[in-house]
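Everything below concerns the one structure shown next.
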């Protein structure tokens, strides 16, 4: 049997959205539950795919099927397509599987031509209406189907109003409209060297093609990438008989939500306009009325609508977002879909639905979008202030939050001015590890270069600080101490504000409101914890982050990076002394200076984690990161350290690497300098003993060796760790256990995980590096060419944000299986950036990881995503 | 049953070498075929492993077994260990599974103490001999077992000779020897604070332990690494009753080969000394006589020896290297083993053995060491000249050959001086891609930095040029135009010579002899081709290399790197123009200039390959490699190109990458700039058409897309290739096929090879990059820390020289299987440096690759190794 490419509304169902698109499936469903829907049919998403497969042509058999259904629609409506007397008019609208609001194109009033327009005029007794509809159709068709710029048509309309001395379209009469139609047709011909099509069948096929084509327009592509929608899905096309809200004062149109989409309040919410078509509601020329007004204006229709709303919410078991039209006092439903809502509203609706017995707790969890929670955890600008402010530039929304402060040019300056009580926004070309302290002290960070995964972005997200990155419109003159945006200068006395949710930059101070975690939030999180199987830990390098994460519900630290501590001002000199050491003894002496400071950091983290497990990673970055690189800086540091310039310069040169990412770092450092592992182990164990004694927490430190690629590497470093740890424990005469494990972040480690698990007591997947090496990308460099990869549709998503299941994920899966073939109960976690991504969390759940670890502000997201994963794929 | 740790010689066999070591197994075998062997027993390699497992202790049960066998030996010899009257003396010698000549320690005359020495004196009637033996034993024992420096003893001996006014040890009498023994014992006590052990059993156990310990001495570790011998094998210990070649003029000792090990001539070859112990032959104080002399001196013994040689060669079916001792006219065989031989001799012996019916052709192939062939393919210094020359420094033997020339400091200078007919050796700190032309024109290359896999080394091996790298004793002053080695300066008027086989550098001109491939070489190669299943191709970037490889038997080009061509002086400017282009049109214009030059290169290669397949890889390196990096150079180039300095500088900065190895290179370039793929495809196809028309070769060009990690990447580039190629072919109206395939060099490509094979028509494993990414090492940086990895035994071999089967190899195996699951007959090759490594070639054979591709000078090695692999693991 040949494939069916067209479905009448009465033939579809809500669960056919893959084939019919969301809009089509819902029109079908509404038809079937007896709601008043203007009838029509849907051309399937498969027809769209076929259109592209056929090299952008609609095959004959599909065209035939369309016209067959059109004939049936004629019978149903008693009207005829292209008929002079009683013409059938239709709308042609896109409808993808996932909702893509405003992304796709729509054509109304299709079926009008110079003959049918007269029929419509006669039939309605309203020639002005008929010609108004016709001119609207011509403009939409020309714009959407033929790509004639809209403003050209609007000029004609404006001109007509100007000539007549009126302001509103409604003030133009029949005659004016006839003239405008003439002028529109002339413009069409001039632009396209062909007449506006009289043949209504040609109109229809061209319009369907245009909807298919719109699936690949740049807006749609960008939206899909942002929302992880594959381009292969395609869009359906809905062809529906027209009803008119603009045929007089007993007509109207509107949009409404069954509940308030901003607050979640359980009360009908929306607006409508009488004597108008849908586009007028959006256009903003006339001000629509709140939906409650309708009750006064037409009680019967309002009550019918209210009833339909209740029916739909109960039927779909979710808050609905609807479009309706009233034609001569008769109500028609044009669309319904699950309504988008703010995070705040989403929580309230979920809790209310459970309370009302409409949802189970699991339903509630599944209805939430984990990523949306993020906006609840950060301050935001006051909506009113935001409405009036005009952004001076836009960068990337690198880390959410709202920050206002005076312009500040360096980390040191931020620290100093913050200490003096000033609020500053740190503006840098790009940030580097030395900037961390200043970033923490500033209200927010604005960078000129760098993407969503640049240093600034990653660190800011980690600390929950607001950050806008890659804002290339900003020019920084650090020396003259100003920034310039579009010719306007801002000095260190001027305020700027940055919005980490939108990437907007403002040239003024804006008031913000702090995050408040309402009772609904707590309830949802408790449900999430009840249903998830994955543990959720946090990545935290200092007590402040650990505290924040603990408050957000982290059950331990999955990754404590010790190098961030090394950069702090009070210890970087000791670190540098260690690096320039010429003998083991010198190096040990320098390490002795760092020991008490490291120990103190760990104590703080253990205390904040209150006995929960803490995984601490040994020093990871290449040593040259701790040294300056320009001659001037080297000269200065040499002086400070009492070294010869040439000596220090030689060290810097010796440490230079062509590919530092693949260089002398991770456990390779400890192989060369085992005394580093010794010092760090001592700090880790001594701190644990001290906190155990002070607080009584039963701490089992987890010491993690990074960048292992070969079992013997781990064996070598482990020997030093065990020797040191056992000595410290013995000397302290306490009972303390500890674990030695490894990062799996090198492909070879995953491939040989069975061997490595002979030594490693736990695995933690470092998916940042694993992704870099599996793809052969450097994250620092990939930004430049990945934009081409997105544009050319080679990649549809950022492999550093969401795990690449086919490649990197295969290695993770393999490593878990191999590791557990050696050590049955091997604890496996993930501590890369991916650990906070919901899709990745689901993957981690599926491959059997023990926990995910993410930055503090991702912890609530991870808890929810983990619950969803376990509801979707219950663990045995 | 308890494990047996000790075997009498009569209990062993030649095929037990894993357990008994080579020496022990051969002593056993000689015993069993009735040859005169002083009896004894072997402590197994398992006892050695156990010794290390027991924390460097010989377990009681093993000690008991040793003394039980010693008791049996006493019965057999009628002597008693430690007996005053008829003492049994033994030698204690190491014997590993693989021959490690000179690497391990030996102790002779064990069993002597202040009592048994008198017994020996009485028994032999030769007190001088007894005390001479005793002092030798003390010295050896002190040195080998207790690590007392040998020179301290030699000082005493020298002193005694000096006092007496004599030159030779033999001129010292009994009295002198007694005095020396006293002084040796005193020295021993002074050094070790303990008396020299009188208890002969203590002597024995200490000696066995010392042999076990010697398995881990630095010499042994280095030797093992160089020869791929795992440290887990351990060494056996042979305890054998002593016979003496130094008891009078009817005694003697010698070493001999059944055939000439230098030339392969089938004639007994060796030397001996009468009245001497083995060490005297080696020491070089007395000059030994050629073995033929023995016939005159003692015909009976000579004939017996000749007969034994024949027996042994027939028994072992190989040329033997033997040690023997004559004690009072009686011949004893102390050792036999397959003799080491020069490459030249190896070929002759193999061919002779087959001629004589002793070996099959397969036997002959299996007896050859593929790596040894290399020395036959390059010139070498005249042995006589080499003997007298003293090296001034030593670097790494990066690429074999022998080169003499005047010192030269830059590539440009090398080109100029070579054109003027001068012979020069290019001396550089390190080389870079721009040096290639100069490297080709120089006699050889000497670099101060860089390892065996540095740029200089890789390129030199590729072109078959002699190269010594990493010679840090050389200081280059390019400006003042001299190099300095150990305080001596060499200017551009001075000759130096470098030996690529040894890494030696000489401060003078040395004569060399060219490579000559004798008839034996041809015969062996023909046999290799007959028995191998793997194809052998070459990596060749230019017609010269292609020609050389074709002469060496390459069956095609497996990798033609197009970027090397881009660096040549006549086109680098066009390449730079392409890079600074701001529009596609500008870029296409620049590419147009390169097109005819590329086409010409390809024509040359096709011609040299005479219709064999040629795989051409599209541009691979990041574009910044083609631009200068210092401001001065940028300024100069900007001037030359008519650009602003700031403009060019901005381009250089934009192209800068943190990790260029993981940056914008490979197919990523073609994704951004598909016009590069178009130009290169055009050149590849047009050249093939031209050569086909001219020469009638039926060429099927293979276009290889590098650095693919995702199928869609390959799809994207392939579309441009196919479109261009089809157009060219259509226009030329010829019948030409071509293939589009990919490098598998990114872990993700291997992991998703089933998808990639949907598009790729062939795979070629780029194991250099695959190794770098699988290990997370950058080859350019790893040298610095890998030395620690070898020292600490984390790695026992260089993963860039021999494929890492457990990690990288697992990916290769997986990719072949996945690829062929999609495309059954998928052609799979390897084109990394590993392609010329015999162990890797065996691996490639086992996982079912179609061919290996290696540098021209490795082609004969690969042919032999491929044959050996197929003999060892025959393909179905």
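Protein chains in written order, with the working numbering: chain B, 1 to 876; chain Y, 1001 to 1876.
Note that CB positions come from ideal geometry on N, CA and C, so glycine has one too.
Model, not experiment: these values are computed from the prediction.
At a beta-carbon threshold of 7 Å, the residues of chain Y lying near residue 773 of chain B are 1747, 1773 and 1776, ordered along the chain.
Restricting attention to Y/1504, Y/1422, Y/1371 and Y/1358, the CA atom closest to the CA of residue 1393 of chain Y is found in Y/1504. In its chain, beyond the 5 residues on either side, 1083, 1084, 1085, 1086 and 1087 have a beta carbon closer than 7 Å to the beta carbon of residue 1119 of chain Y.
Residue-level contact check: residue 704 of chain B does not touch chain Y, since none of the beta carbons of chain Y fall below 8 Å from its beta carbon.
Note that the C-beta distance between residue 1327 of chain Y and residue 1251 of chain Y is below 8 Å.
For residue 598 of chain B, the enclosing alpha helix (DSSP H) has its first and last residue at 584 to 609.
In the DSSP secondary-structure assignment, residue 324 of chain B is bridged to B/254 and B/333. Residue 1658 of chain Y belongs to the set of residues whose beta carbon lies under 8 Å from a beta carbon in chain B. Contact residues of the region 696 to 723 of chain B toward chain Y are 707, 709, 710, 712, 713 and 716 (C-beta to C-beta distance below 7 Å). Looking from the CA of residue 532 of chain B, the closest CA among B/49, B/842 and B/208 belongs to B/842.
Distance from the CA of residue 311 of chain B to the CA of residue 387 of chain B, rounded to the nearest whole angstrom, comes to 36 Å. Its Cα nearest to that of residue 774 of chain B, the residue B/803 stands out among B/757, B/803 and B/796.
Rounded to whole angstroms, the gap between the alpha carbons of residue 825 of chain B and residue 819 of chain B is 9 Å.
Neighbourhood of residue 1661 of chain Y in chain B, by CB distance below 9 Å: 658, 659, 661, 662, 776 and 778, in chain order. For residue 667 of chain B, the enclosing alpha helix (DSSP H) has its first and last residue at 667 to 672. Residue pairing from DSSP places residue 1762 of chain Y in a beta bridge opposite Y/1827.
In this structure, the alpha-carbon of residue 1594 of chain Y lies about 44 Å from that of residue 58 of chain B.
Annotation: the continuous alpha helix (DSSP H) that includes residue 1548 of chain Y extends over 1543 to 1551.
If you look at residue 868 of chain B, you'll find it in the alpha helix (DSSP H) that goes 859 to 872.
Annotation: the region 1186 to 1248 of chain Y contains the following complete segments of the alpha helix (DSSP H) (minimum length 4 residues), in chain order: 1200 to 1214 and 1218 to 1226.
By the Cβ rule, the region 1463 to 1474 of chain Y counts as touching the region 1441 to 1450 of chain Y, because three or more pairs are nearer than 8 Å.
Distance check between residue 710 of chain B and each of Y/1137, Y/1740 and Y/1777 places Y/1777 closest, using alpha-carbon atoms only. For residue 483 of chain B, the three-state secondary structure derived from DSSP is strand.
The beta carbons of residue 9 of chain B and residue 39 of chain B sit about 6 Å from each other, so the pair counts as a contact at 8 Å. Following the DSSP letters along the chain, one finds residue 537 of chain B inside the beta strand (DSSP E) bounded by residues 535 to 539. Counting along the chain, the unbroken beta strand (DSSP E) around residue 1109 of chain Y starts and ends at 1106 to 1110. In this structure, the CA atom of residue 1055 of chain Y is about 59 Å from the CA atom of residue 1739 of chain Y.
Close to residue 1752 of chain Y, with beta-carbon spacing below 7 Å, are these residues of chain B in chain order: 806 and 807.
Residues of the same chain with a CB within less than 7 Å of the CB of residue 683 of chain B, apart from the 5 flanking positions on each side, are 595, 598, 599 and 602 in chain order. Residue 1811 of chain Y has a beta carbon lying within less than 8 Å of a beta carbon in chain B.
Residues of the region 667 to 682 of chain B that bring their beta carbon within less than 8 Å of a beta carbon in chain Y comprise 668, 671 and 672, in sequence order. Residue 812 of chain B sits in a helix when the DSSP states are folded into three classes.
Against residue 789 of chain B, the close residues of chain Y are 1671, in the order they occur along the chain (beta-carbon pairs closer than 7 Å). Residue 465 of chain B has its alpha-carbon roughly 9 Å from the corresponding atom of residue 378 of chain B. At least one CB of chain B lies nearer than 8 Å to the CB of residue 1785 of chain Y.
Inter-segment contact for the region 1215 to 1225 of chain Y and the region 1162 to 1174 of chain Y is absent: fewer than three beta-carbon pairs are separated by less than 8 Å.
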